[in-house]
Amino acid sequence: MNAEPGAGRISWPYLSAQALHYLLFALRAQQFATRRPMLGDGNRPVFGVPGHSVALTIDDGPHPEWTPRMLDLLDRHSVRATFFLIGARVAEHPGLARRIHDAGHLVGNHSMSHPQPFAALPPDRLHAEIGQAQRRIEDAVGFSPRLFRAPGGNWSPTVLRATADLGLVPVDWTVNPSDWRSPGVHRIVRRLSRSRPGHVLLCHDGGGDRSQTVAALETVLPRLLDRGLRFVVPAAER
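In this text, residue positions in the sequence shown follow the working numbering: the first is 7, and each later residue adds one.
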């Protein structure tokens with residue numbers, strides 16, 4: 007079975023990537039329930055942050071409409087976030103990437119073109135996706151990201167090796183409100199409000215209409231702050 011996905015036969019790398027994708031759901035559920043967040047060790051992605059803290063991560067930007075609204079929202083609540091940026095979108099909107107950085111947020115690498123399933127790509131393509139995004143982001147903001155998130159959270163030993171080869175820390179998530187599906191503001195709020203110390207929250211500012219995400223965070227951010235949670239960035243000093 008050597009055909010690429012969609013070419014009539016399904017390749018073994020594709021099947022392996024899909025199987026791992028579903029296994030990771032169980033690991034994320036375990037991390038959601040545990041009191042000891044997995045901080046990553048080179049062989050596994052970061053799934054949590056230490057202390058009485060949470061990390062807000064925002065994927066798939068920058069976007070000319072939703073990223074500025076997200077930045078304004080974060081500024082109003084004095085919340086620092088991590089933006090995992092797609093290299094091709096940084097090339098289209100370098101000023102927005104700089105604005106994210108200048109506002110004090112951490113910028114991470116989310117691949118050049120967000121192909122999926124990411125773990126099914128051959129090693130040379132994996133390196134190219136990550137490396138090209140590094141260069142685009144560095145051109146825009148003036149430094150190389152330290153963190154990488156695989157598109158769709160689609161990890162594999164090969165993806166982790168490529169990440170390590172480029173000197174990056176792999177970061178996953180703990181709390182996923184599936185805001186990219188636009189499930190409704192109430193559902194996004196309910197899911198994010200269940201966050202506990204150590205959790206990494208996943209949201210999006212690109213890839214579609216993110217008005218529900220912005221509206222939900224208007225409620226969630228002050229709610230979590232009122233519970234005494236601090237917003238930090240994952241593995242920033244590693």
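Heads up, the beta-carbon is just placed ideally off N, CA and C, and yes, glycines get one too. Given the structure is predicted, the values throughout are model-derived calculations rather than measurements.
Checklist entry - Ser59 lies in the beta strand (DSSP E); which residues open and close that run? => result For the purposes of this step, residue 59 is taken as residue 53 along the sequence shown, with counting starting at 1. In the DSSP assignment, Ser59 falls within the beta strand (DSSP E) that extends over Ser59 to Gly67.
Next on the checklist: So for Phe89, helix, strand or coil by DSSP?
Outcome noted: Position 83 of the sequence shown, counted from the first residue, corresponds to residue 89. Here Phe89 sits in strand by DSSP.
Checklist entry - Where do the ends of the beta strand (DSSP E) carrying Val113 lie? => result Counting from 1 along the sequence shown, the entry for residue 113 is found at position 107. Its beta strand (DSSP E) spans residues Leu112 to Asn115.
Checklist entry - Given a threshold of 16 other Cβ atoms within 10 Å of its Cβ, counted over all protein chains shown, does Asp145 qualify as buried or as exposed? => result In the sequence shown, residue 145 corresponds to position 139, counting from 1. By the neighbour-count rule (16 or more Cβ atoms within 10 Å), Asp145 is not buried but exposed.
Item to check | Rounded distance between the beta-carbons of Asn160 and Ala125, thought under 8 Å | outcome: By 1-based counting over the sequence shown, the position of residue 125 is 119. By 1-based counting over the sequence shown, the position of residue 160 is 154. Yes, they are in contact, since the Cβ atoms of Ala125 and Asn160 sit about 5 Å apart, within 8 Å.
Next on the checklist: On the CB-based measure, 16 or more other CB atoms within 10 Å of its CB, does Gly93 come out buried or exposed?
Outcome noted: Counting from 1 along the sequence shown, the entry for residue 93 is found at position 87. It counts as buried.
Item to check | Spatially closest choice to His249 from Gly204, Thr219 and Pro203, by CA coordinates | outcome: Nothing can be reported for residue 249, as the shown portion of the chain is limited to 7 through 244.
Next on the checklist: Just to confirm the assignment, what range does the alpha helix (DSSP H) spanning Val191 have?
Outcome noted: Your numbering for residue 191 matches position 185 in the sequence shown. Run containing Val191: Val191 to Leu198, per the alpha helix (DSSP H) assignment.
Checklist entry - Is the Cβ-Cβ distance between Ile136 and Leu91 less than 7 Å? => result To locate residue 136, count along the sequence shown from 1; it is residue 130. To locate residue 91, count along the sequence shown from 1; it is residue 85. Contact: no.
Checklist entry - Is the stretch 69 to 84 close to the stretch 170 to 180, with three or more CB pairs under 8 Å? => result Cβ pair count under 8 Å is below three, so no.
Checklist entry - Among the residues of its own chain, which have a CB less than 6 Å from the CB of Arg244, if the five just before and after it don't count? => result Locating residue 244 in the sequence shown gives position 238, where the first residue counts as 1. Bear in mind that a pLDDT of 39 at Arg244, under 50, signals an unreliable position, so the model cannot answer this.
Next on the checklist: If I measure Cβ to Cβ from Arg95 and keep anything under 8 Å in the same chain, skipping five residues before and after, which residues do I get?
Outcome noted: For this step, residue 95 is matched to residue 89 along the sequence shown. Excluding sequence neighbours, Arg95 sits near Asp66, Gly67, Pro68, His69 and Gly212.
Checklist entry - What number of angstroms, rounded off, separates the C-alpha of Arg5 from the C-alpha of Leu132? => result This structure leaves residue 5 out entirely; the chain is present only between 7 and 244.
Next on the checklist: Only counting the same chain, and skipping five residues up and downstream in sequence, which positions put a Cβ closer than 6 Å to that of Val191?
Outcome noted: As a working note, residue 191 is residue 185 in the sequence shown. Within its own chain, the residues whose Cβ lies closer than 6 Å to the Cβ of Val191, once the five positions on either side in sequence are excluded, are Gln218, Ala221 and Ala222, listed in chain order.
Next on the checklist: Going by DSSP in three states, Phe4 sits in which element: helix, strand or coil?
Outcome noted: Because the chain is modelled from 7 through 244, residue 4 falls outside the range shown and cannot be assessed.
Checklist entry - If you drop the 5 nearest sequence neighbours on each side, which residues of the same chain put their C-beta closer than 6 Å to that of Gly14? => result Translated into positions along the sequence shown, residue 14 becomes position 8. Here the model assigns Gly14 a pLDDT of 48, short of 50, so the residue's position is not dependable, and the following value carries that caveat. None.
Item to check | Contact set for Pro151: own chain, Cβ-Cβ below 6 Å, skip 5 residues either direction | outcome: On the sequence shown, position 145 is the one that residue 151 refers to. Hits under 6 Å: Val113, Gly114, Asn115 and Ile143.
Item to check | 7 Å Cβ cutoff met for Ala87 and Ser117 | outcome: For the purposes of this step, residue 87 is taken as residue 81 along the sequence shown, with counting starting at 1. For the purposes of this step, residue 117 is taken as residue 111 along the sequence shown, with counting starting at 1. No. Outside cutoff.
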